[in-house]
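Engineer: Let me begin by handing over the structure; questions about it come next.
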Amino acid sequence: MLLRILIFMIVIMGIGAHTDDAFRQAQPTERPFQPVNLPTATPAPQVCPELENPYPQHTVVADINYLAHTVWVQQRIRYANTTGESLTQLVFNIEANRWQNVFFLNRVADNFDDLLYTLNNKRLVVDLMDPLPPNCVTNILLEFQIQVPLIGLEVYSPKGYLGYTDRQMNLGHWLPTVAPYQNGEWVTRPPVLVGEQEILEIADWVVMLNLVEPPPNLVVAAPGQITQISPTSWRYEHHASREFSLSLSDQFVLHQAEDEHGVQVEVYCFNTPELQPAGEHALDVATQSLSVYSDLFGQYPYERLVVVQGDFPDGMEFSGIVYVGDAWFTRWDGTPTSYLTLITAHEVSHQWWYARVGNDAAFHPWLDEALATYSEYVYLEEYYPDLRDWWWAFRVDVYEPEGAVNSTVYEFSSAREYINAVYLRGVRMLHELRQDLGTQAFFQLLADYAFNQADRIASPDDFWHNFTPEQLELTAVTRSRYLRPETNN
Ligand SMILES: [Zn+2]
């Protein structure tokens, strides 16, 4: 507890003023619903208002057929051109289209007309009818179907955040996002099986979910503010979020509690009786870790945090919702020395290192993964300080990790090699930085980084920029030991 009180005071004083085809083959089905009718009168499709909110505004209507594993989607995107340049195209990243026979695009339109486009793997390039001047806004409509794939096996299985089993449907990275525009380029990172390749701007999401002929007891686990519209439809508002993700099951049991700051924490696990103690443990860890990280890294931005027992390995982070793998629940032995403890804390910390502070998950994965893994240790320091040595031995040292912390995901042939370099040597680097600087200064740097880069896509330069020249000097040996010297990022 001492660590957190100490650091909390520092934070208050410091910033308190404020293509793979393993998935089953599928074909699109007939759409059972009426398509959107576009208006035929004025106003002009592009407007140039005062840009109160420059983030993309997504308005989504999704008809989900859980038993047929299909989702029909109409997604409207209000895009404000903050690039400073006149744009003739808009580019979207569509993670779902990295898989064959999953994403079926029916239509792209603006307020008036169907638009020409090319869709190549993850990248959708839309030709605008007229150039979009700086500071002007346009609206794009995407109509598409998702044929949710069966969760794959072996190396494909960690991608089960978009997939179904006989007891769960997961919709993660199912909706297109506007590609970031950096240095005159729309950024799309090629998909590979090791690590993640998303690069996501903050956006606002309003999502209407309609359940089509749902089975009894179907439960939706989704983040944001919820309004029930009918017995089978809900409206979710999720602001300042990098995506909108959800999970459905007809076998969910909900465990819930409030953290110290009044955030509602919800754990959805499967309904077999022997799993419920694990569900309670995950709830304890999620609630405690959310409080610790809020004190150390800054306020959690949402009213709710959703944790889902995912029917796929390991875990996965999204904004306001995270997955913790099924095996960590079923193998839990009733003690804190478990992956259920570590992965729950890890995924919760991604609410800061991924969701609040974004990063390029393909080129700079250490920025979120090293910090999330080190956050496991920070959680144990607070609640289970006797387990600190166990954590280093169990989580890190046994793997004898090698490799540059600042590697990209494209440099590894296996997840193990990737985790060893980026996560595990990453936590060793962070711990040595802490020893170089002292605990107070180290956590102040993390809090400053989280504050300064909130709602942005941070680069390694943004991380190191918080260090004073003296702190860079103090950490020079550590940095050179862990970071590839030619880039030093
Ligand atoms: Zn992670």
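Taking the working numbering, I'd label the letters of the sequence shown as residues -11 to 477.
Ideal Cβ positions, reconstructed from N, Cα and C, are used throughout, including at glycine.
1) On the three-state DSSP scale, how would you describe PRO373?
2) Considering only their Cβ atoms, is the gap separating ASP154 from THR126 smaller than 8 Å?
3) Would the beta-carbon of ALA209 be found less than 7 Å away from any heavy atom of ligand 1?
4) Helix or strand or just coil, what does DSSP make of GLU73?
5) By the 10 Å Cβ neighbour count, where 16 or more other Cβ atoms means buried, how is PRO473 classified, buried or exposed?
6) Leaving aside the five residues before and after VAL182 along the sequence, list all residues of the same chain whose C-beta is less than 6 Å from its C-beta, in chain order.
7) Within its chain, find whatever has a CB closer than 8 Å to the CB of THR318; leave out the 5 residues flanking it on each side and keep chain order.
8) Counting along the chain, where does the beta strand (DSSP E) carrying VAL255 start and finish?
9) What separation, rounded to the nearest whole angstrom, lies between the Cα atoms of HIS46 and VAL166?
10) Assuming contact is defined by CB atoms lying nearer than 8 Å, are ALA50 and ASN198 in contact in what I supplied?
11) Within its chain, find whatever has a CB closer than 8 Å to the CB of GLY172; leave out the 5 residues flanking it on each side and keep chain order.
12) Does the contact criterion of 3 or more C-beta pairs under 8 Å hold for the region 342 to 354 versus the region 428 to 446?
13) Could you give the residue range of the alpha helix (DSSP H) that holds ASN440?
14) Residue range of the alpha helix (DSSP H) that PHE91 falls in?
15) With a CB to CB cut of under 8 Å and the five nearest residues on each side skipped, what residues in its chain are close to LEU462?
16) Measuring alpha carbon to alpha carbon, tell me which residue in ALA350, ARG467, VAL386, ARG413 is nearest ARG177.
17) Could you give the first and the last residue of the continuous alpha helix (DSSP H) run that contains TYR327?
18) The beta strand (DSSP E) with THR220 in it runs from where to where?
19) With 16 as the cutoff for other CB atoms within 10 Å, does ILE82 come out buried or exposed?
20) So is HIS334 buried or exposed if we call it buried at 16+ other beta carbons inside 10 Å?
21) Report the start-end ranges of each beta strand (DSSP E) in the region 156 to 195 that is 3 residues or longer and not cut off at the edges.
22) Between LEU129 and ARG64, is the Cβ-Cβ spacing less than 8 Å?
23) Only counting the same chain, and skipping five residues up and downstream in sequence, which positions put a Cβ closer than 7 Å to that of GLU420?
24) For SER218, which of GLY212, VAL200, PRO211, HIS226 has the nearest alpha-carbon?
25) Let me confirm a value: VAL386 is counted as buried when at least 16 other C-beta atoms fall within 10 Å, else exposed. Which label applies?
Structural biologist: Let's see:
1) When secondary structure is reduced to three states using DSSP, PRO373 falls in the helix class.
2) Against a cut-off of 8 Å, the Cβ pair of ASP154 and THR126 comes out as no contact.
3) For ALA209, the shortest C-beta to heavy atom distance toward ligand 1 is 7 Å or greater.
4) GLU73: coil per DSSP, three-state reduction.
5) So PRO473 ends up on the exposed side.
6) The answer, listed in chain order, is VAL397, PHE400, ALA403, TYR406.
7) Hits under 8 Å: LEU263, ALA266.
8) Element bounds for VAL255: 252 to 258.
9) Whole-angstrom Cα-Cα distance: 10 Å.
10) Annotated as proximal: ALA50 and ASN198, with beta-carbon spacing under 8 Å.
11) Once the five neighbours on either side are set aside, the close Cβ partners of GLY172 are GLU73.
12) Verdict: yes, contact present.
13) In this chain, the alpha helix (DSSP H) harbouring ASN440 covers 427 to 440.
14) Counting along the chain, PHE91 falls outside any alpha helix (DSSP H), though it belongs to the beta strand (DSSP E) covering 91 to 97.
15) For LEU462, where only same-chain residues beyond five positions count, the Cβ hits under 8 Å are ASP424, LEU425.
16) Ranking ALA350, ARG467, VAL386, ARG413 by Cα distance to ARG177 puts ALA350 first.
17) Run containing TYR327: 327 to 337, per the alpha helix (DSSP H) assignment.
18) If you look at THR220, you'll find it isn't in any beta strand (DSSP E); DSSP assigns it neither H nor E.
19) Looking at its Cβ environment, which holds 16 or more other Cβ atoms inside 10 Å, ILE82 is buried.
20) Under a 10 Å Cβ-count criterion, HIS334 is classified as buried, with 16 or more other Cβ atoms of the shown protein chains found around its own Cβ.
21) Here the runs fully enclosed are 156 to 159.
22) In this structure, ARG64 lies closer than 8 Å to LEU129 by Cβ.
23) So the qualifying residues of the chain are THR466.
24) Comparing alpha carbon positions, the residue from GLY212, VAL200, PRO211, HIS226 closest to SER218 is VAL200.
25) So VAL386 ends up on the exposed side.
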